[in-house]
Amino acid sequence: MKKNYLLTLLLSFLFAVNFQAQVVVGEGTVVNEEMPIEPYYKFSYSQVIYHASEINASGTITGLKYTATQETDLANSDGWDIWIGHTSLDQHEVVDGTTTVNWVDISELTQVFSGTVTITDQEVSVTLDTPFEYNGTDNLLVAVNETSNVNNEYDGSDNDFYCTATTGVYRGLVNYSDTGTGDFTNPAPIDPSNPPAVTSGSRRQSYANITFEGITQSCSNPSGFSVDNILGTTADVSWTSASDYGWEYIILTSEDDAPGDSDSGTAVSEASVSLSGLTPVTDYMFYARTVCASENSAWIGFAFTTACADLFELPFLEGFNSVTPAPSETEICWTILDLSPAEAPNNASWVTGSAGSFAFEGDQGASLYTNNNQGKNDDYLITPRLNLTGNDRLKFAAKSWDEDDTNSMEVLISSTGNAAEDFTIVVSELTEYAAGDSWTEVSIDLSAYTGAHYIAFHVPPTDGDGYYMMLDAVVVEVNPTCDTPLNVAISNLTSSSADASWEAGATGETEWEYVLQASGDPDPTGSGIAVSTNSVTLDGLTQGDEYDFYVRAICGTDNYSEWTPLYGVYFMIPPVGGVCTDPIVIDTLPYSTTDTTANYQDDYEGSAGENCNESAAYYLNGDDVVYAYTATSDTSINVSMSPDATYSGIFVYDSCDDIGVECVAGIGESSSNERVFDMNVYVGTTYYFVISTWASPQSVGYDLVITENTCTDPVIEVANVDCSEDQFSVEFNVTDMGSSTLLTMTDDLGNVQYAQTTGVLTFGPYTGADAHVITVEGDDPNCNQTYVVTNVCNDECTGALPLEAGQEISGDTSNATDSGNNPSNDLWYSYTGNGESDEITISLCGSSYDTYIRIFDSCTGDQIVYNDDACGLQSEITFTSDGTTTYYIMVEGYSANNGAFVLSVSSTLGVDEIDLSNLKIYPNPVDGNYVTIKSPIGGDKQIELFDINGRRVLSSTISGDMLDVSSINAGFYMIKVTVNDYQKVSKLIIK
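Each residue of the sequence shown is one higher than the last, beginning at 108 in the numbering used here.
So this is what it looks like as structure tokens:
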């Protein structure tokens, strides 16, 4: 659970101190620390260290109290075992010479309680079964094991206990689980004599607030801390404790060490102090101790954070960074306004912590997700209040995510406030920002404005929805006398050179210096190579080496701009195969290799281009490798790329200029199945094979095999025609006979047609949602083809094909269109119940692409449920049918994904299945050499297996139930089983 550090006052009951034989340790307001227990899980165990200086007392401890959140009721978490022990540990430290932290052995502690606890007014009060004698000098360790499993349930996530932060010091160890030492079927409590191993996530920089009953401090610690009127540089602190001699206090940052007994502080006679001279947006620790007649209490700390400055002086720099180069100290001072209308279908707000490619510099930037929101955004990202001088400028970097779906943004300014209606002045008109590798750097003159102002980055309603608007490197500064160049870019990488270019800044400079150095070297401080053009070719570079490029403007004698960009523009001279101009050359076929794109680099972005087969959008975004083969004859080749991860593709081009524009052949998809296809090649033509990824993952390992076929494939275009309700025909347009003189086409109903020349053959009509298989046989069996055709008359909701419970059908969205205003194609089905309420499951599990499923209550009605990734990258959803309504099922893909799918319908009421509806195929997925096929009908089984391209890879007849698939490669297949003229087509996955 996410930590939540509250900076407001704790409820007043936390500050009530009973000085009659009790000691309170901790008054913090940290939650989600899983101490002393974690009610949100069935079982939990913790060990927490309390310092002797905090306790500041000795004697017999007779009870403990813990303070919980208002919602906590412990309905399922009230069985507690508690141990206490003296310890020499100040914190749970890493064992010397190791990287591990150990639990304190339970045998070193004394069990003081075992039983049921109750909670009243947010307080758990435990009277110890065995009182504990505390020596007053050692630290204490308190262990709590929550053992109950009431109703085999756990409490809500809002059930929690208050803790006190100890930044940098690990005072707590925790473990929590829904299974404990058992499993989900038979859960059992954690065994404190053999607790689970400590992991990096087990330690806590905090301790649970606790009250020790039965002991009293002779000089009471301050308590009841309150911090009020927190501003950027001031705060008022107060506390409570009895003293005739006053108090001392020390104010430190959270990074400073806590004071010791010998450290003295500022003496005060009142239990309050007004602090000044603080730094805005800084974490502080306020320490106070009570001064008594003959002793002092312990130093007790209380954490707080100063507010943002009321007015920020220039320069103002914001990178929204988390770690690199340094965490942002002003990110929390920005204001986010989301005024998008309620009907916006996929609304999101600005986010100021987007990592990875969202960053222009450092490790994070700001972003606004707008995809599928129909352009109904009205979002503001507003700076803190800035003190402009009348000679300033605003700089920032921005870009869109998707080059096919760009975003626009305007920049506004206000001197009156930071509400949306205050921004009446436009300093940058609505601008469409390009996508791709390069960011657009913008410089805006603000010299017309003086005094306190807010600046807003506004994404207003637009005609298009875009995808992401990205913003980073916001700078408001006095106009320099020599401006830094803008939009520094590296392009045209070769095996030994690269081109660098930039734009002049606002001062219109015409001379520059540049530095090229090894990547990672410190930023340049001296002079560079002088040039009078804003571009240069960098020669003599070494293949595989990494570089940083910097440039600065020359504005006169000893007048230079800063070197830009910060940290330089990184680039690497690609190794052989990194770019199309220097590919890995395939001299002869057959060719095979095993490699990973991680050995190369990311040189191409965006879509693979037109005619690139399935799901080509975005598949050039990851690391790329390029192979080249020049055909020695007119022939057909087979290309196979087997990836070790999902979301990858291989694409073929006949020109380097066509990469990302238009393919000769190719395939990209979300699964890890083999990508395989045949293609014709022509003598003298060079073909470029590019392997890349969606960019998640960034790289992919692969086996690449390219072989020359013994024949040339015919070229056949397939299209569904004559759709009428659920009846359709299929046209096979033979545009090239390949090397065959006769093509014999046979469908799975026994219909046969022949082609001796190019032309169109029509099969059908077919009825219903079931797939049909058409086999094309030519002169050479190696070029035989198989096509699986499905009904796409259901391309629109009004043509939805009816389904019944127990039915499993196959389909393919590749040739469908989009009717849902989404990037992917879709097909429609319908389901009507049998008059009784029922739970219906619609499953696309095992399909060949990244699916998405939606259920509607009518073609023009409401979407009632939807699902994306219930089973890996595929979808499955269960909904309640009222038994009479007709529900409409939209099958589509996530983002722009299209492909073959298997859709099954199941019902909790069950159906009377006949014929092969009860056919069972298992295990599925297959992880061995055999698959069992059990049929409700006796007789030999005729088996045909087809890959995702429709090619038949196995044809066999078995008399028993075992089918040998040891010769079949791992992947997704369609299996057609025929028994006594009954047929069924099902999915089959082979691992």
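Note that the Cβ used here is the ideal one computed from N, Cα and C, for glycine as well. All of these numbers come straight from a predicted model, not from anything done at the bench.
Burial state of residue i, where buried means 16 or more other Cβ atoms lie within 10 Å
i        : result
Asp-579  : buried
Phe-291  : exposed
Ser-740  : exposed
Met-1069 : exposed
Thr-271  : buried
Ile-439  : exposed
Val-686  : buried
Asn-336  : exposed
Lys-1098 : exposed
Gln-129  : buried
Residue i versus residue j - alpha carbon distance
i        : j        : result
Val-249  : Gly-135  : 18 Å
Ser-950  : Ser-982  : 6 Å
Leu-1010 : Val-895  : 15 Å
Thr-588  : Thr-614  : 7 Å
Thr-753  : Asn-718  : 21 Å
Cys-830  : Ala-862  : 24 Å
Asp-887  : Gly-767  : 35 Å
Ser-1002 : Ser-931  : 6 Å
Leu-868  : Val-549  : 59 Å
Asp-509  : Thr-853  : 44 Å
Tyr-112  : Ser-383  : Reliability fails at Tyr-112, whose pLDDT of 32 lies under 50, so the model's placement of it is uncertain and the value that follows must be treated cautiously. Distance between the alpha carbons of Tyr-112 and Ser-383 is about 23 Å.
Thr-793  : Thr-459  : 47 Å
Asp-457  : Val-658  : The question names Asp, but residue 457 in the sequence shown is Trp. If I take the Cα positions, the gap works out to 32 Å.
Pro-1032 : Gln-914  : 20 Å
Asn-901  : Ile-798  : 34 Å
Thr-513  : Thr-569  : 11 Å
Thr-851  : Glu-884  : 5 Å
Ile-191  : Pro-491  : 50 Å
Val-276  : Val-137  : 15 Å
Val-566  : Asp-1034 : 51 Å
Ser-762  : Thr-496  : 55 Å
Gly-222  : Asn-139  : 24 Å
Glu-943  : Ser-1013 : 15 Å
Beta bridge counterpart(s) of residue i as assigned by DSSP
i        : result
Arg-311  : Gly-279
Ile-691  : Tyr-734
Ser-747  : Val-783, Val-812
Ser-642  : Ser-608
Gln-154  : Ala-250, Leu-280
Cys-978  : Gln-981
Ser-379  : Ser-345
Asp-552  : Arg-500
Ala-559  : Asn-494
Ser-603  : DSSP output for Ser-603 lists no bridge partner at all.
Lys-1094 : Met-1081
Cys-770  : Bridge partners of Cys-770: none, in fact.
Whether residue i touches residue j by CB criterion (8 Å)
i        : j       : result
Met-516  : Tyr-487 : no
Ala-1106 : Pro-146 : Coverage of the chain is limited to positions 108 through 1098, which leaves residue 1106 absent and any answer about it impossible.
Ile-562  : Leu-501 : yes
Ile-357  : Asn-246 : no
Thr-993  : Asn-889 : no
Phe-150  : Thr-306 : no
Gly-729  : Pro-804 : yes
Gly-573  : Thr-704 : no
Gln-312  : Thr-341 : no
Ile-322  : Gly-133 : no
Glu-838  : Val-828 : yes
Gly-775  : Ala-715 : yes
Val-1092 : Ala-912 : no
Pro-434  : Asn-428 : yes
Problem - Those runs of the beta strand (DSSP E) which lie wholly inside the region 514-545 and span at least 3 residues - result: 514-521, 532-540
Practice task
Scan the region 898-943 and note each continuous beta strand (DSSP E) run of 3 residues or more that stays entirely inside, going in chain order.
Solution key: 908-910, 915-919, 934-939
Handout entry: beta strand (DSSP E) runs contained entirely in the region 471-510, provided each spans 3 or more residues
Key = 471-476, 486-489, 493-496, 499-507
Exercise for the section: At 3 residues or longer, and completely inside the region 184-266: list those beta strand (DSSP E) runs for me, N to C. Expected result: As far as the region 184-266 is concerned, its whole beta strand (DSSP E) runs of at least 3 residues are 186-194, 217-223, 230-241, 246-253.
Handout entry: Every unbroken beta strand (DSSP E) inside the region 322-348 [3 residues or more]
Key = The region 322-348 contains these whole beta strand (DSSP E) runs: 330-335, 342-347.
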